[in-house]
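Just below is one structure, and these are the notes that go with it.
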Amino acid sequence: MELFGIWVAALLTLGIFSFLYKDNPVYKICESIFIGVSAGYWAIANFFDALHKKFWVGVFPTDGSDPNYMLWFGALLGVLMLLRLSSKIGWIARWPLAFIVGATAGLYMMLYFVSNAMNQVASTMRDVIVTSPETHLIMWGETIGSILIVIGVVSGLVYFFFSKEHKGVFGYTARVGIWFLMITFGAHFGYTVMSRMSLLIGRIDFLFRDWLHLLN
Amino acid sequence: MRREIPLIITTIAGLVFAISYFIPHWPFVEAESIFGDWIAIVQAFAIWLGALNLIKVSLEKIYRKKEDAFYSGIIIVCLLVTLGIGFYDGFSGGAQSSFRDTGTTFDWLYRFIYTPLTSTMFAMLAFFVASASYRAFRARNFEATLLLIAGFFVMGGRVPLFDLALKPFTDVPYFSEFAGWIMAYPLTAGMTAIMIGIALGIMSSSLRIILGIERSHIGGA
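Respectively, the protein sequence lines represent chains V and S.
The numbering of the first sequence is the numbering used here, which starts it at 1 and goes up by one.
The numbering of the second sequence is the numbering used here, which starts it at 1001 and goes up by one.
Have a look at this one:
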């Protein structure tokens, strides 16, 4: 089964890569397999991880603990969600959707307030002049870096503030903010390209090493 | 009723999570725990809704004999086969085993079909990103030049080739060091500003949803 699996994986990999030449039936078949298997995988994973482990085991416990009847309401909301498939009573699916949207809004409001807003503000409040713990001399590299972070964060936030027209000192600060954002986007782009490259190297490594045995 | 009930549900669910952060006591903590379980169950049903909708859409294409009906058939077959194998492996092994266990048919499906297809799909993006960057990366103005330079050095710093090119002149890996400096300082500054902006945006959007000002999710304006 292992050898057969490697052949299947290699042929599917080549099938997907065939799109680089042009859109063709082999690619479309591989793409359809990808869609079907992905949907099936996540449906099964959610069935066993959430519906079976959380709902079924919670409502019908086998270890002697008390059943959690409140879970029935969750299942009811879930069943209402499936009514979306019906064109006549599909509007009922708005109820579980409203619950998910409301709960996510309440959860994320506090989560982002703590993790993104407050923690990021706290991490920006740093020693601007960094000295060596041993010699107490100024470490110029880290000091310039710290000053850059403070300038970058403040000017970046000024750029995002659209309630005041970007003119004069405010406009110049916003322009500096754009420079920092551009460097951020460029660095992120480069990082994303390299992560995709490492995936590509991984696939080529699989083809040449595991399938064709051309690499040791 | 079609608007009011979803609005009430949204507000109650949102308020429970928001208040339980400030008042971590009865009844808010208990309600948060119950709502957390409900979210996991509803999300699982939502995934199943997606899978069932995929079958519905694909069957419609086959029924109407559309151009890509053959590929819709493959989607349905692959989906049903995966579900069948998953259910068989999940229920046949007993309480101690899982459908993810090594050696199961579902694990084979994951290792030799799902993983190669996923990683190859994402690896293909390397080619498209390369061609897109060739077209988009023009140093038209100062801002575009900054983007180009940052991207170039971060990409160059992640591979040993550029440091090797400098080897005849210096032993210091300037490329990777400069890439590390960009990641440590200007990138951190930009990302911090973006993250604070995102947090403020999410907080205001969440508040609008909880207070019922934002109603697009229930079909309102």
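Glycine included, C-beta positions come from ideal geometry on N, C-alpha and C.
Asked: Work out the CA separation of residue 1179 of chain S and residue 1079 of chain S for me, nearest whole Å.; Found: 44 Å
Asked: What are the start and end residues of the alpha helix (DSSP H) that includes residue 1201 of chain S?; Found: 1186-1210
Asked: Report the CB separation of residue 80 of chain V from residue 92 of chain V in whole angstroms; it is logged as a contact under 8 Å.; Found: 5 Å
Asked: Using DSSP with H/G/I as helix, E/B as strand and the rest coil, what is residue 62 of chain V?; Found: coil
Asked: Measure the Cβ-Cβ separation of residue 21 of chain V and residue 1206 of chain S and say whether it is below 8 Å.; Found: no
Asked: For residue 170 of chain V and residue 1142 of chain S, I'd like the C-alpha separation in whole angstroms.; Found: 19 Å
Asked: Which whole runs of the beta strand (DSSP E) in the region 139-201 of chain V are 3 residues long or more, in chain order?; Found: none
Asked: Give me the residue from S:1037, S:1183, S:1147 with the minimum Cα distance to residue 70 of chain V.; Found: S:1037
Asked: Where do the ends of the alpha helix (DSSP H) carrying residue 118 of chain V lie?; Found: From DSSP, residue 118 of chain V is part of no alpha helix (DSSP H); its letter is neither H nor E.
Asked: Tell me where the alpha helix (DSSP H) around residue 1143 of chain S begins and ends.; Found: 1142-1157
Asked: Out of S:1116, S:1200, S:1087, S:1024, point me to the one whose CA is closest to residue 204 of chain V's CA.; Found: S:1116
Asked: Taking just the CA atoms, how far does residue 1010 of chain S sit from residue 1022 of chain S?; Found: 19 Å
Asked: Could you check which residue in V:136, V:183, V:135 has the C-alpha nearest to that of residue 1153 of chain S?; Found: V:183
Asked: So is residue 174 of chain V in contact with chain S if we call contact Cβ pairs under 8 Å?; Found: no
Asked: Classify residue 135 of chain V as helix, strand or coil using the three-state DSSP reduction.; Found: coil
Asked: Can you pull the chain V neighbours of residue 1111 of chain S, defined as C-beta to C-beta under 7 Å?; Found: 5
Asked: Nearest to residue 1119 of chain S by alpha carbon, out of V:95, V:17, V:53, V:51?; Found: V:17
Asked: Is it the case that the Cβ atoms of residue 47 of chain V and residue 1044 of chain S are separated by a distance below 8 Å?; Found: yes
Asked: For the 8 Å Cβ check, are there 3 or more pairs between the region 30-42 of chain V and the region 1079-1095 of chain S?; Found: yes
Asked: How many angstroms separate the CA atom of residue 86 of chain V from the CA atom of residue 106 of chain V?; Found: 29 Å
Asked: What does the Cβ neighbour count give for residue 96 of chain V, buried or exposed, with the cut at 16 atoms within 10 Å?; Found: buried
Asked: Hey, would you say residue 206 of chain V sits closer than 8 Å to residue 1186 of chain S, going by beta carbons?; Found: no
Asked: To the nearest angstrom, how far is it from the Cα of residue 30 of chain V to the Cα of residue 12 of chain V?; Found: 6 Å
Asked: Touching or not, the region 1129-1142 of chain S and the region 155-166 of chain V, by the rule of three or more beta carbon pairs under 8 Å?; Found: no
Asked: Against chain V, does residue 1082 of chain S count as a neighbour if the rule is that its beta carbon must be under 8 Å from one of theirs?; Found: yes
Asked: How many whole angstroms separate the CB atoms of residue 1059 of chain S and residue 82 of chain V, which I take to be in contact at a CB cut-off of 8 Å?; Found: So it is not a contact: roughly 17 Å between Cβ atoms.
Asked: Taking residue 1061 of chain S as the query, report the chain V residues whose CB atoms sit under 7 Å from its CB, ordered along the chain.; Found: Residues of chain V passing the Cβ test: none, with the nearest at roughly 11 Å.
Asked: Would you mind listing the alpha helix (DSSP H) stretches within the region 1067-1121 of chain S that are 4+ residues and don't spill past its ends, in chain order?; Found: 1069-1092, 1105-1109
Asked: Of all the residues that make up the region 1201-1221 of chain S, which are near chain V by a beta-carbon distance shorter than 7 Å?; Found: 1202, 1203, 1206, 1207, 1209, 1210, 1217, 1218, 1219
Asked: Below 9 Å on C-beta distance, what does residue 126 of chain V contact in chain S?; Found: Ordered by position in chain S, no residue passes the 9 Å Cβ test against residue 126 of chain V, which lies about 11 Å from the chain.
Asked: Does DSSP put residue 52 of chain V in a helix, in a strand, or in coil?; Found: helix
Asked: Can you give me the start and stop residues for the alpha helix (DSSP H) that residue 100 of chain V sits inside?; Found: 94-112
Asked: Using a Cβ cut-off of 9 Å, which residues of the region 1040-1051 of chain S contact any Cβ in chain V, in chain order?; Found: 1040, 1041, 1042, 1043, 1044, 1045, 1046, 1047, 1048, 1049, 1050, 1051
Asked: I'd like to know whether the C-beta atoms of residue 1222 of chain S and residue 28 of chain V end up nearer to each other than 8 Å.; Found: Outside the displayed range of chain S (1001 to 1221) lies residue 1222 of chain S, so it cannot be described from this structure.
Asked: If you count every other CB in all the chains shown that lies within 10 Å of the CB of residue 116 of chain V, and 16 or more means buried, which is it?; Found: buried
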